[in-house]
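**Q** For reference, the structure I am asking about is given below.
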Amino acid sequence: MRNLINILDLTTKEIDELINTASDIIDSPELYANSCRSKILGTLFFEPSTRTRLSFASAMMGLGGGVLGFSQAASSSVAKGETVADTIRMVSSYSDIIVMRHPKEGAPIVASNVSSVPVINAGDGGHFHPTQTLTDLLTIKKKKGRFENLTVGVCGDLKYGRTVHSLISAMARYKGVKFVLIAPDELKLPDYVKTEFLCGIDYIETASLEEAIPSLDILYMTRIQAERFDSPEEYERLKDTYILNAEKLKSAKSDLSILHPLPRVNEIDTDVDDDPRAHYFDQATYGRYIRMALILMLLKTKGVVDRRTHGTEDEHLSCQNPHCISFGDSERGIKRLFDDGKCIYCDQMAKKV
Ligand code: CP
């Protein structure tokens, strides 16, 4: 059985295969219309979503399969205190593959440890969002024709932006990729992402979008993640730090590709939408096709062991990340596991106790 928790669970060769399959589905959808007949996708969304949940549902229906699930925790037995593990045990007996989004970092790892069917991470807190990255990669391939030798600007909330963490970890594997990390001091890329994925990679950090724009091949704008802030005042102060508009794009390359995982709030003015370099709505459309390809791949793969379930208990270590599924008592019975001093659920360094 195979899960997708982190984009690095896929090799670059497998990503190429997914992109080829997605392209084939775009060209000849009728050839895939019965590929998942009698299969069921469970969609468990403990957090709001439009694109990810509906594109997964549309993907499974386009493959001839069925869909069940919930779109908010309040309409499931989680509202009565059921754990993630127990929820997944149940749903994996009602479906053939599960996609889940959860506000706690590492929740999909808890799910994959008890599930009898493949689990796909559709976003775990501010941690990772690997299927958004597959969508981003398909868009980059379609619009730029390559992954190598690109200067990629990522702008906005690099601290809590899970799509950014997954995109950087994926793109860092390609030759000649440079990153321009555009964020205010308060929302800079977390150290664990830099240490894990940007070691030996060319990158600069800046707070100025205007100064960065002329050098970029890709500009990946992101929303400031209101729901992850501990302080509403801090969010209010930072929420409009970056607003991309037609005026700012005058200094950009003519073949710049402007991406955004969406939803947007204020960070891209609507006067950019008709610019031929604005690719964010195409990006959302591609999401359906790459998710069709992913469902096909995971349902076909047998006998692959998910490496991310490894780790050992250590009574001298404690995860201090309040956003981690292993923090506190909400996930009763969870094994607190560490690998090389890091919590395996959230990838943050644990504290010695
Ligand atoms: N990009 C993305 O994850 O969008 P949703 O929150 O609407 O699923």
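Numbering (the working numbering), first residue to last: 129 to 481. Note that beta-carbon positions come from the ideal geometry of N, C-alpha and C, so glycine has one too.
1) Mind checking who D477 pairs with in its DSSP beta bridge?
2) Which residues in the same chain have their Cβ closer than 7 angstroms to the Cβ of D399, if we skip the five residues on either side of it in sequence?
3) DSSP three-state label for N134, please.
4) On the DSSP bridge assignment, give the partners of K521 in chain order.
5) Is T350 close to the ligand CP? I mean its beta-carbon at under 6 angstroms from any heavy atom of the ligand.
6) Does the ligand CP have even one heavy atom less than 6 angstroms from the beta-carbon of T178?
7) Indicate, with yes or no, if the ligand CP has a heavy atom lying under 6 angstroms from the CB of P231.
8) How close, in whole Å, do the beta carbons of R351 and V393 come, if the pair is a contact with beta carbons under 8 angstroms?
9) Closer than 7 angstroms by C-beta to V433: which residues in its own chain qualify, once you throw out the five before and the five after it? Chain order, please.
10) Just to confirm, is the Cβ distance from A298 to T261 under 7 angstroms?
11) Tell me whether F455 sits in a helix, a strand or coil according to DSSP, three-state version.
12) Compute every distance between the C-beta of L465 and the non-hydrogen atoms of the ligand CP, then say whether any falls below 6 angstroms.
13) DSSP on F198, reduced to helix/strand/coil?
14) Leaving aside the five residues before and after P389 along the sequence, list all residues of the same chain whose C-beta is less than 6 angstroms from its C-beta, in chain order.
15) Starting from S166, trace the alpha helix (DSSP H) both ways and give me its first and last residue.
16) Ends of the beta strand (DSSP E) at M228?
17) Keeping to the same chain, check which residues put their C-beta closer than 8 angstroms to that of M189; ignore five residues upstream and five downstream.
18) With hydrogens ignored, establish whether the beta-carbon of Q110 is closer than 6 angstroms to any heavy atom of the ligand CP.
19) Any idea what DSSP makes of G251, helix, strand or coil?
20) CA-CA distance, K479 and L265?
21) May I ask you to report which of helix, strand or coil DSSP gives I352?
22) Shorter than 6 angstroms, the distance from the beta carbon of P389 to the closest heavy atom of the ligand CP, or not?
23) Shortest alpha-carbon distance to I226 belongs to which of D397, A161, A185?
24) Under 6 angstroms: does the beta carbon of Q353 sit that close to some heavy atom of the ligand CP?
25) Assuming I371 is part of the alpha helix (DSSP H), what are its boundary residues?
26) What do you reckon, are the CB atoms on P236 and I143 nearer than 7 angstroms?
27) So, are the CB atoms of H293 and F256 less than 7 angstroms apart?
28) By a C-beta neighbour count over all protein chains shown, 10 Å radius and 16 as the cutoff for buried, is F173 buried or exposed?
29) Please report how far the alpha carbon of L326 lies from the alpha carbon of S204, in whole angstroms.
30) Per the DSSP calculation, I154 is bridged to which residue(s)?
31) At a threshold of 6 angstroms, does Q411 count as lining the ligand CP (C-beta to nearest heavy atom)?
32) Ends of the alpha helix (DSSP H) at I386?
33) Considering only DSSP beta bridges, list what T440 is partnered with.
34) With DSSP as the reference, label L315 as helix, strand or coil.
35) Helix, strand or coil for K141, going by three-state DSSP, please let me know.
36) So what's A406 in DSSP terms, helix, strand or just coil?
**A** By the coordinates alone:
1) One-based indexing of the sequence shown puts residue 477 at position 349. What sits at residue 477 in the sequence shown is Met, not Asp. M477 pairs with K470.
2) Locating residue 399 in the sequence shown gives position 271, where the first residue counts as 1. Excluding positions up to five away in sequence, the list reads N373, A374.
3) Taking the first residue of the sequence shown as position 1, residue 134 is located at position 6. If DSSP states are grouped into helix, strand and coil, N134 belongs with coil.
4) Any answer about residue 521 is impossible in this case: the structure gives the chain only from 129 up to 481.
5) Locating residue 350 in the sequence shown gives position 222, where the first residue counts as 1. Closer than 6 angstroms to some heavy atom of the ligand CP: that does not describe the Cβ of T350.
6) Counting from 1 along the sequence shown, the entry for residue 178 is found at position 50. Because some heavy atom of the ligand CP lies under 6 angstroms away, the Cβ of T178 counts as near it: yes.
7) For the purposes of this step, residue 231 is taken as residue 103 along the sequence shown, with counting starting at 1. No.
8) Residue 351 sits at position 223 when you count from the first residue of the sequence shown. Residue 393 sits at position 265 when you count from the first residue of the sequence shown. That belief holds up - the Cβ atoms of R351 and V393 are roughly 5 angstroms apart, short of 8 angstroms.
9) Residue 433 sits at position 305 when you count from the first residue of the sequence shown. Its pLDDT being 48, under 50, V433 is placed unreliably by the model, and nothing is read from it.
10) Against the sequence shown, residue 298 aligns to sequence position 170. Against the sequence shown, residue 261 aligns to sequence position 133. Yes, Cβ-Cβ distance for A298 and T261 is below 7 angstroms.
11) Position 327 of the sequence shown, counted from the start, is the residue given in the question as residue 455. It is coil, neither helix nor strand.
12) The count along the sequence shown starts at 1 and reaches residue 465 at position 337. Checking every heavy atom of the ligand CP against the Cβ of L465, none is found closer than 6 angstroms.
13) Counted from its first residue, the sequence shown places residue 198 at position 70. Of the three classes helix, strand and coil, the one that applies to F198 here is strand, per DSSP.
14) Against the sequence shown, residue 389 aligns to sequence position 261. Answer for P389: Q260, T291, listed in chain order.
15) Locating residue 166 in the sequence shown gives position 38, where the first residue counts as 1. Premise fails: S166 is in no alpha helix (DSSP H) and is neither H nor E.
16) Counting from 1 along the sequence shown, the entry for residue 228 is found at position 100. Residues 225-230.
17) In the sequence shown, the residue the question calls residue 189 occupies position 61. So the list reads V195, once near-sequence residues are dropped.
18) This structure cannot settle anything about residue 110, because the visible part of the chain is limited to 129 through 481.
19) Here residue 251 corresponds to residue number 123 of the sequence shown, with the count starting at 1. Correct three-state label for G251: strand.
20) The sequence position of residue 479 within the sequence shown is 351, counting from 1. The sequence position of residue 265 within the sequence shown is 137, counting from 1. Spanning the two alpha carbons is a distance of roughly 35 angstroms.
21) Looking up residue 352 in the sequence shown gives position 224. Residue state, collapsed to three classes: coil.
22) In the sequence shown, counting from the first residue as 1, residue 389 sits at position 261. P389: yes, Cβ under 6 angstroms from the ligand CP.
23) Here residue 226 corresponds to residue number 98 of the sequence shown, with the count starting at 1. When only C-alpha atoms are compared, the closest one is A185.
24) Stepping through the sequence shown from its first residue, residue 353 is reached at position 225. Q353 Cβ: outside cutoff for every heavy atom of the ligand CP.
25) For this step, residue 371 is matched to residue 243 along the sequence shown. Element bounds for I371: n/a, residue is neither H nor E.
26) Residue numbering aside, residue 236 sits at position 108 when the sequence shown is read from its first letter. Residue numbering aside, residue 143 sits at position 15 when the sequence shown is read from its first letter. No; because the gap between Cβ atoms is not below 7 angstroms, this pair is not in contact.
27) On the sequence shown, position 165 is the one that residue 293 refers to. On the sequence shown, position 128 is the one that residue 256 refers to. Taking 7 angstroms as the Cβ cut-off, H293 and F256 qualify as a contacting pair.
28) Within the sequence shown, the letter at position 45 stands for residue 173. Buried.
29) Locating residue 326 in the sequence shown gives position 198, where the first residue counts as 1. Locating residue 204 in the sequence shown gives position 76, where the first residue counts as 1. Rounded to the nearest angstrom, the two C-alpha atoms are 39 angstroms apart.
30) Start at 1 with the first residue of the sequence shown, and residue 154 comes out as number 26. DSSP lists no partner for I154.
31) Here residue 411 corresponds to residue number 283 of the sequence shown, with the count starting at 1. Because no heavy atom of the ligand CP lies under 6 angstroms away, the Cβ of Q411 does not count as near it: no.
32) Within the sequence shown, residue 386 is the residue found at index 258, counting from 1. Per DSSP, I386 belongs to no alpha helix (DSSP H); it is in the beta strand (DSSP E), 385-387.
33) Numbered from 1 along the sequence shown, position 312 holds the residue referred to as residue 440. In DSSP, T440 forms a bridge with F466.
34) Taking the first residue of the sequence shown as position 1, residue 315 is located at position 187. L315 falls in the helix class under three-state DSSP.
35) Here residue 141 refers to the residue found at position 13 of the sequence shown. Helix at K141.
36) Start at 1 with the first residue of the sequence shown, and residue 406 comes out as number 278. Of the three classes helix, strand and coil, the one that applies to A406 here is strand, per DSSP.
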